[in-house]
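Participant: Read top to bottom, the protein sequences are chains A and B. Count the first sequence with numbering that gives the first Met the number 0 and you get residues 0 to 280, in order. Count the second sequence with numbering that gives the first Met the number 0 and you get residues 0 to 244, in order. We treat Cβ as the ideally placed atom computed from N, Cα and C, and that holds for glycine. In this text the structure is predicted, and so the values were computed from the model without any measurement.
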Amino acid sequence: MIKVIHPGFFTTIQDMGRFGYREKGVPVCGCMDNYSASIANSLLDNSEMDAVMEITMTGPKLEFHTSSFFSVTGAEMSPSLNGIPINSYEAHKANEGDILSFGKLINGFRSYLAVKGGFLTEMKLKSRSFYKPITDQNRIKEYMEIPIEGCSEYSPIISHIKPESWHKEYELDVYKGPEYEILTGDQLKLLSTNKFTIAKENNRMAYQLEELIGVQSHSMLTSATLPGTVQLTPNGKLIILMRDGQTTGGYPRVLQLASRSIALLAQKKFGDKISFQLLPH
Amino acid sequence: MSSHSISVRPFGEHAILIEWPNEVSEAILYDIIDFVESFKLDFQDSQDWELVPAYNSVTLINRSTKIDFSKTRYQLLECYKKRKDSGPPQRYLWRLPVCYDLEFGIDLEEVAATLDCSIKDIIEAHTKHIYTVYGIGFLPGFMYLGGLPKDLETPRKSVPRLMVIKGSVGLAGKQTGIYPQDSPGGWNIIGNCPITIFNANLENPCFVSVGDQIQFYAINRAEYDLHKIETEIGIYNLDKIKIDD
């Protein structure tokens, strides 16, 4: 078990998501940056489906009540074990009583902590991903006890991976969305040449962009939306749906992010800049 | 049976959007449901796909692999041709109780004033009609219900509430529906349904499927309390009727 001494800004348990319930309106959920989460699991020889801890902006302080192995990937948040700095992208051993904490956010926005065997919080609708009210919790809280298997002997196959700097990129690869054709010449020009700023309204459901690209009055019937769907509101605001985003919507879906770009966007925070690069289908 | 002209287009790397003509019609919705059924039987890897039907479209999402679009498009069109071979899926009419007491129907008086009718007229009209489930989305278990009579159309509230309680039955524009959980919302609240529409502890968390029908019936406060307890301890018997095509 791992005990939460301090939960950090917004920390959740996530896996690869809740597949098979979208027809009942359940968002897919899962790791915002699934790419970094997979690396954290692979460093421990875990299954890709094992649940990890998603840490946003400011890290938690955690106490191991059983020995285990762990790794941290994604955003660089200056992790330390018992006060001694440790490297991200590396498998580490934690003994009973060890304290894992995080410091300054150096780059990115979301870190992933994996433990050997994964976090064993409740499985609801075939996933451990936090999403209220499917799961009882929407984030970890102080004093919470998070079940893990515990592991005292393990020789990592890959002991560390060179941290990638890809999340410093700002260009998002996009495809045409279903309602791409409603965009005017001016809007297309803005989308292809402008840099856009991440608004303060950014979370696991959606990222809003600050710059408006001009009004639209297209009326459409409600239809499915996906993580990475870029919606255009009537007043010209761009909203990029993320993992906890609603499964259907009535705003035109003008662009669709490539999978890798959803993970990249998950590492952006308020004030960061992004741009779009259109890919052919 | 008429065949519609459908468009099949890629929607990112992992999804395909199939669209029928842009209108709200039961014929189109049932054609989509038949297609979904045919897909589930016909596609070998149908377990790897999620299908989200809504109004005039269905979106197919692949769990893992990037889609080979031109190959899949062909298979989907074949699947559409065969959609009637499997026979239509079973659909149900669900009769759901609603307590329209003012305690729950907090906007009833205002709606009656807007529509220039009595509260009794609203309840009568709302319970008389049968609604079709055109989609489930926005919140887990939130049904998009079509078929609201014209005389119940009322604009949504100019300022949305930060909190609408679970079970609230609302009116907004051409729509009526139930809030499956506590949520912010801008609909006019006319009553409350004591039955849990969405339960994450069940393997099928929501008994309603797209294509089903809903009819409301009025209950008093005592019946409301009884059904509330029954649904919470899991002994409420849902009132459902098979729909014969």
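Check the DSSP bridge columns for Ala205/A and list the partner residues they point to.
Facilitator: For the purposes of this step, residue 205/A is identified with residue 206 of the first sequence, where counting begins at 1. DSSP output for Ala205/A lists Leu240/A as bridge partner(s).
Participant: So, at 6 Å on beta carbons, what are the nonlocal neighbours of Leu254/A in its own chain, with the 5 sequence-adjacent residues on each side left out?
Facilitator: Counting from 1 along the first sequence, the entry for residue 254/A is found at position 255. Excluding positions up to five away in sequence, the list reads Val173, Gly176, Val229.
Participant: From the DSSP output, in three-state form, read off Ile118/B for me.
Facilitator: Within the second sequence, numbered from 1, the residue matching residue 118/B stands at position 119. In the three-state reduction of the DSSP assignment, Ile118/B falls in the helix class, which pools H, G and I.
Participant: Taking the alpha carbon of Thr126/B as the reference point, which residue from Thr113/B, Gln46/B, Val97/B has its own alpha carbon closest?
Facilitator: Position 127 of the second sequence holds residue 126/B. Per the Cα distances, Val97/B.
Participant: Output yes if chain A places a C-beta closer than 8 Å to the C-beta of Thr113/B; else output no.
Facilitator: Walking along the second sequence from the start, residue 113/B turns up at place 114. No, its Cβ sits nowhere closer than 8 Å to a Cβ of chain A.
Participant: When you compare only the Cα positions, how much space is there between Arg17/A and Leu28/B?
Facilitator: Mapped onto the first sequence, residue 17/A falls at position 18. Mapped onto the second sequence, residue 28/B falls at position 29. Arg17/A and Leu28/B: Cα-Cα distance of roughly 26 Å.
Participant: Taking only heavy atoms of the ligand MG into account, decide whether any of them is closer than 7 Å to the Cβ of Tyr235/B.
Facilitator: Here there are no bound small molecules, and the ligand MG is not part of this structure.
Participant: Over what stretch of residues does the alpha helix (DSSP H) that includes Asn33/A continue unbroken?
Facilitator: Position 34 of the first sequence, counted from the first residue, corresponds to residue 33/A. From DSSP, the alpha helix (DSSP H) with Asn33/A extends over 33-42.
Participant: Mind listing the chain A neighbours of His138/B? Cutoff is C-beta to C-beta under 8 Å, in chain order.
Facilitator: Stepping through the second sequence from its first residue, residue 138/B is reached at position 139. The displayed chain sequence assigns Leu, not His, to residue 138/B. Chain A residues near Leu138/B: Gly24, Gln245.
Participant: Go ahead and pull the three-state DSSP assignment for Tyr54/B.
Facilitator: Walking along the second sequence from the start, residue 54/B turns up at place 55. Coil at Tyr54/B, not helix or strand.
Participant: For the beta strand (DSSP E) that contains Gly184/B, what are its first and last residues?
Facilitator: For the purposes of this step, residue 184/B is taken as the residue at position 185 of the second sequence. Following the DSSP letters along the chain, one finds Gly184/B inside the beta strand (DSSP E) bounded by residues 182-184.
Participant: Give the DSSP-derived three-state secondary structure of Gln43/B in the structure shown.
Facilitator: Against the second sequence, residue 43/B aligns to sequence position 44. Coil, per DSSP.
Participant: Can you confirm whether Lys220/A, when its beta carbon is compared against all beta carbons of chain B, has any partner nearer than 8 Å?
Facilitator: One-based indexing of the first sequence puts residue 220/A at position 221. Correcting the residue type first, residue 220/A is Leu in the shown sequence and not Lys. Output row for Leu220/A: interface = yes.
Participant: Quick one: what's got a C-beta closer than 6 Å to Glu170/A's C-beta in the same chain, skipping five residues either side?
Facilitator: For the purposes of this step, residue 170/A is taken as residue 171 along the first sequence, with counting starting at 1. Ser274, Gln276.
Participant: From the DSSP secondary-structure annotation, give me the bridge partner or partners of Thr131/B.
Facilitator: One-based indexing of the second sequence puts residue 131/B at position 132. Beta-bridge pairing links Thr131/B to Gly145/B, Gln212/B.
Participant: State the CB to CB distance for the pair Ile105/B and Ile188/B, rounded to an integer number of angstroms; the pair is presumed to be in contact (CB under 8 Å).
Facilitator: As a working note, residue 105/B is residue 106 in the second sequence. As a working note, residue 188/B is residue 189 in the second sequence. Ile105/B to Ile188/B, Cβ: 5 Å. Contact.
Participant: Please name the residue, chosen from Ile218/B, Pro148/B, Thr71/B, Asp33/B, that lies closest to His13/B on a Cα-to-Cα basis.
Facilitator: Translated into positions along the second sequence, residue 13/B becomes position 14. Selected option, being the one with the closest Cα: Thr71/B.
Participant: Please confirm whether Lys236/A has its beta-carbon closer than 8 Å to some beta-carbon of chain B.
Facilitator: Along the first sequence, read from residue 1 onward, the residue named residue 236/A stands at position 237. Closer than 8 Å: no.
Participant: Quick one, which of Gly58/A, Ile38/A, Glu47/A, Asn234/A has its alpha-carbon nearest Arg138/A's?
Facilitator: Sequence index remark: in the first sequence, residue 138/A carries index 139 (1-based). Cα-wise, what sits closest to Arg138/A is Gly58/A.
Participant: Using alpha carbons as the reference points, say which of Leu187/A, Leu264/A, Ile239/A, Asn94/A lies closest to Met0/A.
Facilitator: Translated into positions along the first sequence, residue 0/A becomes position 1. Nearest of Leu187/A, Leu264/A, Ile239/A, Asn94/A to Met0/A, Cα basis: Asn94/A.
Participant: Report the residue from Ile213/B, Ile5/B, Lys165/B, Pro183/B whose alpha carbon sits nearest the alpha carbon of Val57/B.
Facilitator: Position 58 of the second sequence, counted from the first residue, corresponds to residue 57/B. Taking each of Ile213/B, Ile5/B, Lys165/B, Pro183/B in turn and checking the Cα distance to Val57/B, the smallest one comes out for Ile5/B.
Participant: Measure how close the beta-carbons of Glu152/B and Gly176/B come, nearest whole angstrom, since I'm counting them as under 8 Å.
Facilitator: Within the second sequence, numbered from 1, the residue matching residue 152/B stands at position 153. Within the second sequence, numbered from 1, the residue matching residue 176/B stands at position 177. Not really, about 14 Å apart at Cβ, beyond 8 Å.
Participant: Terminal residues of the continuous alpha helix (DSSP H) containing Glu223/B?
Facilitator: Mapped onto the second sequence, residue 223/B falls at position 224. This sequence places Tyr at residue 223/B; Glu is not what is there. 220-232 is the span of the alpha helix (DSSP H), which, as asked, contains Tyr223/B.
Participant: Answer with yes or no whether the minimum CB distance from Ala171/B to chain A is below 8 Å.
Facilitator: Locating residue 171/B in the second sequence gives position 172, where the first residue counts as 1. Not one chain A Cβ lies under 8 Å of Ala171/B.
Participant: Rounded to whole angstroms, what's the CA-CA distance from Arg94/B to Tyr216/B? Just pull it up for me.
Facilitator: Taking the second sequence and counting its residues from 1, the one referred to as residue 94/B is at position 95. Taking the second sequence and counting its residues from 1, the one referred to as residue 216/B is at position 217. Distance between the alpha carbons of Arg94/B and Tyr216/B: 7 Å.
Participant: Is the Cβ-Cβ distance between Gly73/A and Arg109/A less than 8 Å?
Facilitator: Residue 73/A sits at position 74 when you count from the first residue of the first sequence. Residue 109/A sits at position 110 when you count from the first residue of the first sequence. In this structure, Gly73/A lies near Arg109/A, with their beta-carbon atoms less than 8 Å apart.
Participant: Under 8 Å, Cβ to Cβ, is there at least one residue of chain A near Gly134/B?
Facilitator: Stepping through the second sequence from its first residue, residue 134/B is reached at position 135. Yes, Gly134/B lies at the interface with chain A (some Cβ there is under 8 Å from its Cβ).
Participant: Measuring straight from C-alpha to C-alpha, what distance separates Ile157/A and Met122/A?
Facilitator: Position 158 of the first sequence, counted from the first residue, corresponds to residue 157/A. Position 123 of the first sequence, counted from the first residue, corresponds to residue 122/A. Looking at the two C-alpha atoms, the distance is approximately 29 Å.
Participant: Hey, does Ser258/A have any beta-carbon neighbour from chain B nearer than 8 Å?
Facilitator: Numbered from its first residue, the first sequence carries residue 258/A at position 259. It does; some Cβ of chain B falls within 8 Å.
Participant: Determine which residues share a DSSP beta bridge with Pro84/A and list them.
Facilitator: As a position in the first sequence, residue 84/A is number 85, starting the count at 1. According to DSSP, Pro84/A bridges with Ser79/A.
Participant: Short of 9 Å Cβ to Cβ, which residues in the region 90-104 of chain A face chain B?
Facilitator: none
Participant: So Ala262/A is in the alpha helix (DSSP H); what residue range does that whole segment cover?
Facilitator: Stepping through the first sequence from its first residue, residue 262/A is reached at position 263. First-last of the alpha helix (DSSP H) with Ala262/A: 258-264.
Participant: Determine the chain A residues that contact Arg50/B at a beta-carbon separation under 8 Å, and present them in chain order.
Facilitator: Counting from one through the second sequence, the residue named residue 50/B turns up at place 51. First, the amino acid is wrong: residue 50/B is Leu here, not Arg. The contacting residues are Glu22.
Participant: Quick check: the Cα distance between Asp150/B and Leu138/B, rounded to an integer number of angstroms?
Facilitator: As a first step, residue 150/B must be located in the second sequence, where it is residue number 151. As a first step, residue 138/B must be located in the second sequence, where it is residue number 139. If you take the alpha carbons of Asp150/B and Leu138/B, they lie about 27 Å apart.
Participant: Taking beta-carbon pairs under 7 Å, can you tell me which members of the region 105-139 of chain A lie near chain B?
Facilitator: Lys123, Leu124, Pro132, Ile133
Participant: Round the Cβ separation of Asp47/B and Ser63/B to the nearest angstrom and send it over; I've been treating them as touching at under 8 Å.
Facilitator: In the second sequence, counting from the first residue as 1, residue 47/B sits at position 48. In the second sequence, counting from the first residue as 1, residue 63/B sits at position 64. With 8 Å as the limit, Asp47/B and Ser63/B qualify as a contact, their Cβ atoms being about 6 Å apart.
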